[in-house]
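Novice: What follows is a structure written as structure tokens; I'll ask about it next.
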Amino acid sequence: MLMPVYILLSFLLSTTPVQEDAYKAQREQMVEQQIKRRGVSDKAVLNAMRSVQRHLFVPPSIANEAYTDSALPIGYKQTISQPYMVAYMTQVIEPTPDMKVLEIGTGSGYQAAVLAEIVKQVYTIEIIPEHGKMAAARLKQLGYDNVEVKIGDGYAGWKEHAPFDAIVVTAGAESVPPPLFEQLKEGGRMVIPVGPVYMNQTLKLIEKKRGEAVTRNLMPVVFVPFTREKQK
Ligand code: SAH
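Residue numbers (the working numbering): 1111 to 1342.
Put into structure tokens, the structure is as follows:
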């Protein structure tokens, strides 16, 4: 007789719901203080940032730091971008529900999840197999059925699913990989950090207009390097 009471009690006393609530409040605070205040105003983007449980995309040991105003380590020398940067990069591609988006640099899968909240389909490529596999499992578990993860070098893009309405590159490239521009739809937008490794990178917005690249420099940034698969 004692056993069921104990189980019921431990269920009622479980800390999970309380913790979830705390994170919900933290997400709201993140949106208000880090994202809206810096000028991100797209309603769909703000809602996506409110919805995606960022604490599930960072190592459990730093889950309590998930909503702070910074990038965080996710292992293998990679980082999950600062929340504001994720929101800003999502806003500049002007996401709508009918879009098909390619992301290069899946990492934790967080940026892919934010995109997946808004657009129809997300394709994302990750060069580090461990990250790719973990992100794919996490996204599946969280119910993001409209994200497909591929492990490989994103330099070549994903021809089978091209052209894309937008491309989001989340690693700092020394120059814009030509295959990515090719796989962008006419009128499409690509956001990409460009510059030398770990310094003087510029976040660029590239629009394809009559087949030509129209480029706007958005802001100075620092991203982890865009690496290349060893040529066989
Ligand atoms: N968007 C991620 C953060 C990415 S960090 C998130 O939301 O968590 C940058 C990621 O790009 C790293 O995981 C790195 O391994 C990956 N990357 C670097 N060069 C790449 C390439 N050529 N192709 C695919 N992924 C690459």
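Even glycine gets a Cβ: it sits at the ideal position worked out from N, Cα and C.
For a minimum of 4 consecutive residues, which ranges assigned as the alpha helix (DSSP H) are wholly contained in the region 1126-1163?
Specialist: 1126-1140 and 1153-1161
Novice: Helix or strand or just coil, what does DSSP make of Phe1333?
Specialist: coil
Novice: If distances are taken between C-alpha atoms only, which option among Ser1180, Val1202, Pro1239 and Pro1288 comes closest to Asp1152?
Specialist: Val1202
Novice: Counting along the chain, where does the beta strand (DSSP E) carrying Glu1258 start and finish?
Specialist: Start and end: Val1257 to Ile1261.
Novice: Among Ala1283, Glu1236 and Phe1291, which one has its Cα closest to the Cα of Gly1321?
Specialist: Scanning Ala1283, Glu1236 and Phe1291 for the CA closest to the CA of Gly1321 turns up Phe1291.
Novice: Quick one: Cα of Lys1342 to Cα of Gly1264, how far?
Specialist: Reliability fails at Lys1342, whose pLDDT of 49 lies under 50, so the model's placement of it is uncertain and the value that follows must be treated cautiously. Rounded to the nearest whole angstrom, the C-alpha separation of Lys1342 and Gly1264 is 16 Å.
Novice: Check the DSSP bridge columns for Tyr1233 and list the partner residues they point to.
Specialist: Leu1212 and Glu1258
Novice: Look at the Cβ atom of Pro1207, then the Cβ atom of Lys1187, and state whether they are nearer than 8 Å.
Specialist: no
Novice: At which residue ranges does the region 1241-1304 contain complete beta strand (DSSP E) runs of 3 or more residues, listed in the order of the chain?
Specialist: Counting whole runs of 3 or more residues, the region 1241-1304 contains the beta strand (DSSP E) stretches 1257-1261, 1274-1279 and 1294-1304.
Novice: Do Val1279 and Val1307 have their CB atoms nearer than 8 Å?
Specialist: no
Novice: Please determine if the region 1255-1263 and the region 1179-1197 are in contact, where contact requires at least 3 C-beta pairs separated by less than 8 Å.
Specialist: no
Novice: Taking only heavy atoms of the ligand SAH into account, decide whether any of them is closer than 7 Å to the Cβ of Tyr1177.
Specialist: no
Novice: For Leu1328, does the three-state DSSP call read helix, strand or coil?
Specialist: Strand, per DSSP.
Novice: At what residues does the alpha helix (DSSP H) containing Gln1201 begin and finish?
Specialist: Pro1193 to Val1202
Novice: Among the candidates Thr1189, Gly1217 and Gln1144, whose CA atom is the shortest distance from the CA of Glu1236?
Specialist: Gly1217
Novice: Report the residue from Glu1339, Glu1213, Asp1275 and Met1159 whose alpha carbon sits nearest the alpha carbon of Ala1135.
Specialist: Met1159
Novice: Classify Ala1176 as helix, strand or coil using the three-state DSSP reduction.
Specialist: DSSP places Ala1176 outside both helix and strand once states are collapsed to three, so it counts as coil.
Novice: In angstroms with no decimal places, state the Cα-to-Cα distance between Met1244 and Arg1326.
Specialist: 34 Å
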